[in-house]
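S.K.: Quick note, the sequence shown lines up with residues 2 to 382 if you use the working numbering.
Glycine included, every Cβ here is placed at the ideal spot set by N, Cα and C.
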Amino acid sequence: MIETVSSWMTDELAIYRDNVARFVAAEMVPMDALWRSRHHVGREIWRRAGELGLLCADIPTEYGGAGGDFRHEVVLYEELARRGLSGLGQGVHSIAAHYLLNHGTERQQREYLPRLASGELIGAIAMTEPAAGSDLRGIRTRAIRDGDHYVVNGSKIFITNGYLAGLVLLVVKTDSERDSKGVSILIVETADLAGYRVGDFLDKLGQKAQDTTELFFDDMRVPAENVLGGEEGRGLHQLMSDLPYERIIVAVQAVATMEGALTETVRYTRERSAFGKPIAEFQNTRFKLAEAATIARIARTFVDRCIEDIVNGRLDTTTASMAKWWTTDMLQQVLDECVQLHGGYGYMNEYLVARMFADARVTRIYGGTNEIMKEVIARSL
Ligand SMILES: Cc1cc2nc3c(=O)[nH]c(=O)nc-3n(C[C@H](O)[C@H](O)[C@H](O)COP(=O)(O)OP(=O)(O)OC[C@H]3O[C@@H](n4cnc5c(N)ncnc54)[C@H](O)[C@@H]3O)c2cc1C
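1. Does DSSP put N154 in a helix, a strand or coil?
2. Which residues does DSSP list as the beta-bridge partners of F202?
3. The alpha helix (DSSP H) spanning D19 covers which residue range?
4. For K289 versus E338, is the C-beta spacing smaller than 9 Å?
5. In terms of residues, what are the limits of the alpha helix (DSSP H) holding V256?
6. If you drop the 5 nearest sequence neighbours on each side, which residues of the same chain put their C-beta closer than 6 Å to that of V189?
7. Would you say the beta carbon of E376 is closer than 8 Å to some non-hydrogen atom of ligand 2?
8. Look at the alpha carbon of S185 and the alpha carbon of E226, and state the distance between them as a whole number of angstroms.
9. According to DSSP, what are the bridge partners of I145?
10. Does DSSP put Y197 in a helix, a strand or coil?
11. If contacts are defined as beta-carbon pairs under 8 Å, then M357 and G92 qualify, I think. What distance do you get, rounded to the angstrom?
12. Here's a check: name, in chain order, each residue in its chain whose Cβ is nearer than 7 Å to the Cβ of H94, leaving out the five neighbours to either side.
13. Could you tell me the boundaries of the beta strand (DSSP E) in which K289 lies?
14. Helix, strand or coil, according to DSSP, for F358 in the structure here?
15. Kindly list the residues whose CB is nearer than 8 Å to the CB of V30, restricted to its own chain and excluding five residues on each side of it in sequence; keep chain order.
16. Determine the contact status of H41 and Y164, defining contact as a CB-CB distance below 9 Å.
17. Is S95 near ligand 1, with its Cβ less than 8 Å from a heavy atom?
18. In angstroms with no decimal places, state the Cα-to-Cα distance between Y269 and A355.
19. Decide if I160 is buried, meaning its Cβ has at least 16 other Cβ atoms within 10 Å, or exposed.
20. I'd like to confirm something about M128: is its beta-carbon nearer than 8 Å to some heavy atom of ligand 1, or not?
21. Evaluate M323 with the Cβ neighbour count: other Cβ atoms within 10 Å of its Cβ, from every protein chain shown; 16 or more gives buried, anything less gives exposed.
22. Taking S185 as part of the beta strand (DSSP E), name the residues at either end of that continuous run.
23. The alpha helix (DSSP H) that contains K174, what's its start and end?
24. What do you reckon, is the C-beta of S381 under 8 Å from a heavy atom of ligand 1?
25. Classify V251: buried if its beta carbon has 16 or more other beta carbons within 10 angstroms, exposed otherwise.
In structure tokens:
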């Protein structure tokens, strides 16, 4: 009863989900402990996901994608999130692909999308800098035109897929005199690129298998034809127009994590006993689980509606921002109860709910902080 059949499911998607679930259970779950210990998932699993058609599932086949829609993407997000697998930065990878699909030139799309879909290239998006996170207009990484190249200097921090990324969509200032019109996105192919350096794995509270790093650019030369869309100064506009897609991904992951945590907690509390009966039979446990299941169901209903809306091209930034802040705040509450109901075991990384609890904290911070989400919503009122 915790996981319901979504309104957008079809028979075809149900078969797809079975295949995805089998792959995730057989080839990813057993690897998670190793991935967490070394702080990255490795390139092989990306290649494998590419072979199976799971990357860029909603990118048209003419660009090497699977030709599905956002629901196919959702299936993979859900199957990963329910199992607490936070290492594969597939959300960011897909967002990078969508920047190319929505804003790239035909050449850029043909050159990079098939390689993202096959897993040959792993995508990253580099916006945040040490002195500029929520307020992106404060970025300092500069790209100065020099003939048919840009020369880039600066650094980025907290970059998901930073260690493995072969393709970085890099947000830079191309004109320091102009405010919003001075920002551009450069498509940076990182292999053997002089002046490009990846920092150490960042020591995070959670998401230990995710290769989040700093990136450094020191007189790094990028071909001028690699400015996204072929025209300077459109970076902020490009970033803004893809926000609903990015925010709904975080919300989808949040709901699926709630459902996975609840299923596990129901199972655990039935097996564990105290004072002569299963923990699940105490009224407190029953009420806490009932409350959490209600939150998960409300979140599921809202997010399913957002998924339908994005498939039909009508999800707006305000609604996606509501989904992002609310589901991630609720996720934290639900996980806190799940940890509590596990007692001391809930604090041990060996247990799914402990890993989920630590992994989830950042979802209220990244993808735009929840405070910024509320700013966006308030502005629309
Ligand atoms: C694990 C992880 C992965 C990440 N992945 C990426 C990535 O792949 N690419 C990328 O570019 N970035 C990434 N980030 C960066 C993330 O998006 C930023 O951390 C986030 O946008 C907040 O920026 P900041 O850390 O500079 O915080 P700040 O902007 O300094 O904010 C600090 C606090 O002030 C609040 N605040 C700021 N402005 C306002 C306001 N106007 N009103 C009210 N409160 C406000 C914030 O909500 C927050 O609570 C990642 C971060 C983490 C931790």
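M.R.: From the atom records:
1. strand
2. For F202, which the question treats as bridged, DSSP gives the partners T214.
3. 12-24
4. Yes, the Cβ-Cβ distance between K289 and E338 is below 9 Å.
5. 244-272
6. V169, L171, V223
7. Ligands in the displayed structure: ligand 1; ligand 2 is not one of them.
8. 12 Å
9. V152
10. Residue state, collapsed to three classes: strand.
11. Actually they are not in contact, since the Cβ atoms of M357 and G92 sit about 16 Å apart, beyond 8 Å.
12. L56, L117, I123, G124, N162
13. Careful: K289 lies outside any beta strand (DSSP E), inside the alpha helix (DSSP H) at 284-312.
14. helix
15. If we look at V30 and ignore the five residues flanking it on each side, its Cβ neighbours are R84, L86.
16. yes
17. no
18. A direct Cα-to-Cα measurement between Y269 and A355 gives close to 13 Å.
19. buried
20. Relative to the non-hydrogen atoms of ligand 1, the Cβ of M128 comes within a distance shorter than 8 Å of at least one.
21. buried
22. 184-190
23. Where K174 is concerned, there is no enclosing alpha helix (DSSP H), although the beta strand (DSSP E) it sits in stretches over 168-174.
24. Within the chosen limit of 8 Å, ligand 1 does not reach the beta carbon of S381 with any heavy atom.
25. buried
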